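In what follows, a single structure is set out as structure tokens and then discussed.
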Amino acid sequence: MHMTESNHHQQRVAARTRARDARRSGTPVVVLDQPVDAADRTARCRSRVRRAVSTDSFTLYAQPIVDLRLNQVTRHEILLRVRNDIGEPTAPWAFPDMAERVGEILAVDKWVIDHALALIGRGAQTSHYQINVSGKSLADPGLLDFVNEAIRRHRVKPECLTFEITETALIENRNEALAFATGIRQTGCHLALDDFGTGYGALTHVKYLPVDLVKIDGMFVVNLCHSPADQAVVSKLTELCHTLGIHVAAEYVQDEGTLELLRSWDVDFAQGYRTGRPEPIAVTPKHQVQTIEFELRLPPQYTAMG
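For the sequence shown, the UniProt record's numbering begins at 1 and goes up steadily by one.
Next comes the structure, spelled out in structure tokens:
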């Protein structure tokens, strides 16, 4: 009982704080007599996602990925940002999570795929682009056909594309993930396994899936210089994947010391704020761009390197 009362008190304090901040910023505040029930919350979230998709309330960013052997940017990961009410891009995590929770993520994934391929098709296609696919979307049997049609319509070279799926997606949708992976490889695209090392079946996944690249989860990388345990995990996972003929990328690379460790273990690619922050590549079809060709531009820290 004490825990419940404490939680309610904390919620009331948080609500008063948010209301006060909203009034200071001029944001309208609506006070409800009763909490909104779960069904109404779900319906409102679905409506919000559908409205965002129909009004193109998104923008795409590209984060550079450095080839550690060449010391060059040879890839980019395409990232989604959602625009707020005044048109500014907001943090990327909450919206996809909400869309997954209310069963609307497929529409978001299709928007990203279609608009990313439209942009890629306008460029010289001399770089390589990585696009994420939600685990929930993999359950849709029409997704592969949608991807293939978009590749043809936008005249994109399949070999320039890698589709990333997460270990969580494999655990929840193993058969669907395998069907998508097999089909996407037959199209000529590549396949990456994201968040590698966090799931119980990590080694099983690289055994049965036609994976070209694994991205070691950032939880093993962000503190790499100071954690012997993380060093052991990253070095051994890299050795294992290379034995299987799979390339390895490390996420959340924040400093030069981490880069040096990754090079010492022959990790293939590095991604993080040390090698390049995400940059906007387009807003909506109403704001046309000519190209998204960022490749072959070295980050400042590499200009003096061979």
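No residue lacks a Cβ here, since even glycine has one placed at the ideal position from N, Cα and C.
From a predicted model like this one, the values you see are computed outputs, not experimental measurements.
Counting only runs of at least 4 residues, the stretch 145 to 233 fully encloses the following alpha helix (DSSP H) elements, listed from N- to C-terminal order: 167 to 172, 174 to 187, 202 to 208. Annotated as proximal: Val248 and Asp268, with beta-carbon spacing under 8 angstroms. Relative to Lys215, the option among Leu259, Ser127, Phe196, Leu224 whose CA is nearest is Phe196. Annotation for Arg69: no residue places its beta carbon closer than 6 angstroms to its own, counting only its chain and skipping 5 residues before and after. The shortest CA-to-CA distance from Asp212 to any of Pro141, Lys136, Ile246 is the one to Ile246. C-alpha of Pro158 to C-alpha of Arg44: approximately 38 angstroms in a straight line.
Pairing Cys160 with Ala192, the inter-Cα distance amounts to about 13 angstroms. Shown here, Leu60 sits in a strand according to DSSP, grouped into three states. In the DSSP assignment, Arg101 falls within the alpha helix (DSSP H) that extends over 94 to 101.
Comparing alpha-carbon positions, the option among Gly276, Tyr208, Glu239 lying closest to Trp265 turns out to be Glu239.
Asp67 carries a strand assignment under DSSP once its states are collapsed to helix, strand and coil. Scanning its chain for C-beta atoms nearer than 6 angstroms, with the 5 sequence neighbours on each side dropped, one finds around Asp114 the residues Ala150, in chain order. In this structure, the beta-carbon distance from Asp140 to Thr166 does not fall below 8 angstroms. In the DSSP annotation of this structure, the continuous segment of the beta strand (DSSP E) that includes Val248 starts and ends at 247 to 250. Annotated three-state conformation of Thr243 is helix, per DSSP.
Here the alpha carbons of His205 and His154 stand approximately 31 angstroms from one another.
In this structure, the beta-carbon distance from Phe180 to Leu138 falls below 8 angstroms. Per DSSP, reduced to three states, the secondary structure at Val82 is strand. Cβ atoms of Val112 and Ile78 come within 8 angstroms of each other, at about 7 angstroms. Membership of Trp111 in the alpha helix (DSSP H) is indicated by the continuous run 105 to 122.
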